[in-house]
């Protein structure tokens with residue numbers, strides 16, 4: 001998958017399918033609509049074929065500016081039968097044995113109507129570069145980056161999920177709630193996660209009370225972050241900042257450390273009660289080694 005080459009002056013966004021008023025909008029027409037900005041974390045999923053079990057840490061916190069997707073949907077007036085929005089990006093895609101002329105994804109109409117879902121043309125106040133999906137990309141805060149289609153060119157309102165391989169085959173994972181381990185689900189919502197940024201891994205620090213800092217994030221708010229210094233046998237409750245907009249949340253915790261080489265583990269719990277597993281999932285707990293003198 002490489003960056004698509006798009007002429008901004010010729011770019012059009014087609015919106016059609018199960019709608020009363022299909023449209024084709026130029027960049028100038030899109031920019032003339034009411035604009036809004038959303039601050040959100042943005043996490044890449046990793047391999048489209050096999051979910052990573054190690055934290056890839058391709059995550060950032062950015063400010064997106066554009067128009068709400070719900071504004072566009074109000075213009076075209078979806079029919080009652082429309083249940084999904086099919087998304088098409090202009091890049092020719094080849095991954096593993098799969099190939100497609102367009103990068104096709106989808107999301108439920110109910111998600112598309114959320115006020116934080118944008119058609120964005122700016123990132124951190126600057127126009128989107130072609131490498132980042134410009135001139136216009138979809139942004140779905142709280143969902144993995146694979147759903148935020150780059151080089152967006154078409155939105156189709158449909159009654160079923162998109163048939164393309166990047167929606168129907170790739171970027172799907174085993175549903176952890178299925179006791180038989182057979183059912184698959186699309187890679188949509190970002191599960192609760194956290195990482196320590198201070199101390200750094202393998203850092204030499206002084207014994208005594210140490211402040212542990214880091215970031216936690218989830219598709220819903222993070223309610224609790226805990227630190228363990230004994231391999232998860234006991235946990236020290238930290239302080240988590242309130243979630244602002246769709247951004248990640250800073251946490252701190254005071255941990256009393258004795259001399260020696262030790263390991264610190266951080267574990268977050270979401271507002272809905274989802275807790276980071278100790279092992280085996282892409283969002284399992286983050287750990288670091290510290291040398292306490």
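Numbering (the working numbering), first residue to last: 1 to 293.
Backbone N, C-alpha and C fix where the C-beta goes; we use that ideal spot for every residue, glycine too.
Computed from a predicted model, the values in this text were never measured in an experiment.
Test: residue i CB closer than 9 Å to a CB of chain C
i           : result
residue 222 : Although the question refers to chain C, the structure presented lacks it and comprises just one protein chain.
Residue span of the beta strand (DSSP E) that contains residue i, given as start and end
i           : result
residue 41  : 36–43
residue 174 : 172–174
residue 266 : 260–270
residue 137 : 137–139
residue 287 : 286–292
residue 249 : 249–257
residue 89  : 84–89
Enclosing alpha helix (DSSP H) for residue i [first to last residue]
i           : result
residue 166 : 165–168
residue 71  : 69–76
residue 30  : 27–31
residue 112 : 109–112
Proximal residues to residue i (C-beta, below 6 Å), its chain only, five neighbours per side dropped
i           : result
residue 191 : 283
residue 240 : 222, 225, 249, 251
residue 16  : 22, 156
residue 139 : 64, 118, 120, 148
Cβ-based burial, residue i [other Cβ within 10 Å; buried from 16]
i           : result
residue 249 : buried
residue 179 : exposed
residue 182 : exposed
residue 149 : buried
residue 229 : buried
residue 246 : buried
residue 219 : buried
Residues of its chain near residue i, where Cβ-Cβ distance is below 7 Å and the 5 sequence neighbours each way are ignored
i           : result
residue 285 : 265, 266, 267, 276, 278
residue 30  : 13, 67, 119, 136
residue 81  : 18, 159
Beta-carbon spacing of residue i, residue j below 9 Å
i           : j           : result
residue 263 : residue 236 : no
residue 3   : residue 87  : no
residue 112 : residue 152 : no
### 3 or more residues per run - each beta strand (DSSP E) lying fully within the stretch 182–225
184–186, 193–198, 203–205, 208–217
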